[in-house]
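The letter at position 49 of the sequence shown is residue 48 when you use numbering that gives the first Met the number 0, and the numbering goes up by one with no holes. Below is one structure, written out as structure tokens; the observations come after it.
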Amino acid sequence: MARWEVVLVAEGAAWFDGLVRADDGSTHQVEDAIDALSYFGPALAGLSSTGSKVRNSAI
Numbered sequence: 000m001a002r003w004e005v006v007l008v009a010e011g012a013a014w015f016d017g018l019v020r021a022d023d024g025s026t027h028q029v030e031d032a033i034d035a036l037s038y039f040g041p042a043l044a045g046l047s048s049t050g051s052k053v054r055n056s057a058i
């Protein structure tokens, strides 16, 4: 199965950095969700953006 590249934009990275400092449990949940997105790509309903300016492509 092909893996998908998940691109974390600057705004997302800043938000995630704040989450890392504030809530360890939520940090692990977000990491797990990003891992799942990298395996299933846009087929994973609810996590992929529909208004993305980044072209969806498999690695």
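Glycine included, each C-beta is placed from N, C-alpha and C at the ideal position.
Residues near residue i in its chain [Cβ-Cβ closer than 7 Å; skip 5 each side]
i: LEU43; result: ALA35, LEU36
i: ILE33; result: VAL5
i: LEU18; result: SER25, THR26, VAL29
Burial state of residue i (16 or more Cβ within 10 Å)
i: GLY11; result: exposed
i: TRP3; result: buried
i: GLY24; result: exposed
i: GLY40; result: buried
Chain B contact for residue i (CB, 8 Å cutoff)
i: VAL19; result: Note that chain B does not occur in the displayed structure, where there is just one protein chain.
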